[in-house]
Amino acid sequence: MKDQGRLLSVSDLRVHFPGRKTGFMSKPLPIQVVNGVTFDVYRGETLGLVGESGCGKTTLGRALIRLGHSVVTGKIVFEGREISGISNREFRSLRKKMQMIFQDPFGSLNPRLTVGQMLGEVLLIHGIGRGEVARKRIEELLDVVGLNREYVNRYPHEFSGGQRQRLGIARAIAVNPEFIICDEPVSALDVSIQSQIINLLKDLQRDLGLTYLFIAHDLSVVEYISDRVAVMYLGKIVEIADSTELYANPKHPYTRALLSAIPNPEPGGKKERILLNGDLPGPLHIPSGCSFHPRCPVATAECRNREPKLLNLNHTDHQASCLLYE
């Protein structure tokens, strides 16, 4: 993938939200959701992003394309251009290149607009076309995502969950983007429909030359669609590697625990399950040192006091953030 060049480069990205005041005279404490994330995304690849609910996966994805009201610091470089410091007006020109597919296929669609109106609005805002040009483009989009052209006058409530997600995909690719953030696009769908949507995304990637950041908590789905996988815990990436390498040879104790939860498909096959103690801490109570140490089965006294760095292991592209390897 490196031969194809970096499309997106993120360095020390931090995202926090203003918190509530703890007293009448006190200042609101910031809620740190993403805490110093660094990674690259290469052209044409799918980078999977996994982790427990609440670890900051969705917040990270939304921060990359400026959705929400969070405070973002760090460096984001897209196509060789640093975009982290540009104005919202300048960023509008990048909207065509960076799109998002949302988790909820119903809540992300405007219930008052028909399919034709929804897609036509996207084309109009981005100056792609109107009238007959827009109509032809809308019909083409419906064909591409596997929906009947006659659905153009229907409203979102008239579709199934899988069909709504196909509409969400059509909206994302309508402006010919290069990079799409897929925020758990199949988690709300039936298993049989999930495979159809995943295969659709893979086909579109091949045909349109798309690059994905695929956010999910289903490890089997991530393994199937991803070229590389990044594992996130409490706002930080703790391991990142080629998909095959990570699933076969996980290095970080948290990654090992996650992968041990995948059911064994072999009849009667046994698999050692690694159970973690306690629950995922909240962003206001991040532990000192290694944030994973209170739940880690191999933590040492040093882990409580020293924060590990994300390092390359044995001069490979396999990176892990654990004092065991320092």
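Just so you know, my numbering puts 35 at position 46 of the sequence shown, and the rest follows in order with no gaps.
Even glycine gets a Cβ: it sits at the ideal position worked out from N, Cα and C.
None of these values were measured; they are calculated from a predicted model.
| query | result |
| --- | --- |
| Alpha carbon to alpha carbon, how far is Gln88 from Phe168? | 6 Å |
| Using 8 Å as the threshold, is the C-beta distance between Pro272 and Val22 below it? | yes |
| List, from N- to C-terminal side, the alpha helix (DSSP H) runs of 4 residues or more that fit wholly inside the region 84 to 124. | 104 to 114 |
| Hey, out of Thr305, Gly278, Arg284, Asn303, whose CA is closest to Pro297's CA? | Gly278 |
| Give the DSSP-derived three-state secondary structure of Glu228 in the structure shown. | strand |
| By Cβ distance below 7 Å, which residues in the same chain neighbour Ser(-2) in space, the five residues on each side in sequence not counted? | Asp29, Val66 |
| In the DSSP assignment, the alpha helix (DSSP H) including Gly48 goes from what residue to what residue? | According to the sequence provided, residue 48 is Thr. The question's Gly does not apply to it. 46 to 53 is the extent of the alpha helix (DSSP H) around Thr48. |
| Please work out which residues of its chain come closer than 7 Å, Cβ to Cβ, to Glu234, disregarding the five sequence neighbours upstream and downstream, and give them in chain order. | His307 |
| Decide if the region 201 to 218 is in contact with the region 33 to 53; the criterion is three or more beta carbon pairs, one per stretch, under 8 Å apart. | yes |
| Are the region 212 to 225 and the region 39 to 50 touching by the rule of at least three beta carbon pairs closer than 8 Å? | yes |
| Could you have a look at His58 and say whether DSSP puts it in helix, strand or coil? | coil |
| Tell me, which residues are paired with Ala309 by DSSP? | Glu228, Leu300 |
| Report yes or no: do three or more beta-carbon pairs, one from the region 155 to 172 and one from the region 98 to 117, lie closer than 8 Å? | yes |
| In the DSSP output, what is Asp29 paired with across the bridge? | Ser(-2) |
| Thinking just about the alpha-carbon of each residue, which of Ala205, Arg155, Asp172 is nearest to the one in Leu193? | Arg155 |
| Near Lys85, which residues of its chain fall below 8 Å by C-beta distance, leaving aside the five closest residues on each side in sequence? | His115, Val164, Asn165, Pro166 |
| Going by beta carbon distance, what residues of the same chain come within less than 8 Å of Leu178, once the five residues before and after it are set aside? | Pro94, Gly150, Gly151, Gln154, Ile186 |
| My output table needs one value for Ala205: the three-state DSSP class, helix, strand or coil. | coil |
| Throw me the rounded Cβ distance for the Gln183 and Val211 pair, which I believe falls under 8 Å. | In fact, because the Cβ distance is near 12 Å, the residues do not count as touching under 8 Å. |
| With respect to the alpha helix (DSSP H) encompassing Tyr140, which residues constitute its N-terminal and C-terminal limits? | No alpha helix (DSSP H) holds Tyr140; DSSP gives it neither H nor E. |
| Measuring alpha carbon to alpha carbon, tell me which of Cys285, Glu173, Asn253 ends up nearest Gly267. | Cys285 |
| Assign Pro252 to one of two classes, buried (16 or more other C-beta atoms within 10 Å of its C-beta) or exposed (fewer than that). | exposed |
| What would DSSP say about Thr35, mapped onto helix, strand or coil? | strand |
| So, at 8 Å on beta carbons, what are the nonlocal neighbours of Glu315 in its own chain, with the 5 sequence-adjacent residues on each side left out? | Pro297, Lys298, Leu300 |
| Ile226 to Arg138, Cα distance in whole Å? | 42 Å |
| Could you give the distance in angstroms between the alpha-carbon of Asp207 and the alpha-carbon of Thr103? | 32 Å |
| Can you give me the C-alpha to C-alpha distance between Arg262 and Lys240, rounded to a whole angstrom? | 16 Å |
| Using a 10 Å radius around the Cβ and a threshold of 16 neighbouring Cβ atoms, would you call Asn99 buried or exposed? | exposed |
| My parser needs the beta strand (DSSP E) runs of 3 or more residues fully inside the region 151 to 194; what are they? | 168 to 172 |
| Would the beta-carbon of Leu130 fall within 8 Å of that of Tyr140? | no |
| Are the beta-carbon atoms belonging to Leu56 and Val26 less than 8 Å from one another? | no |
| So is Asp196 buried or exposed if we call it buried at 16+ other beta carbons inside 10 Å? | exposed |
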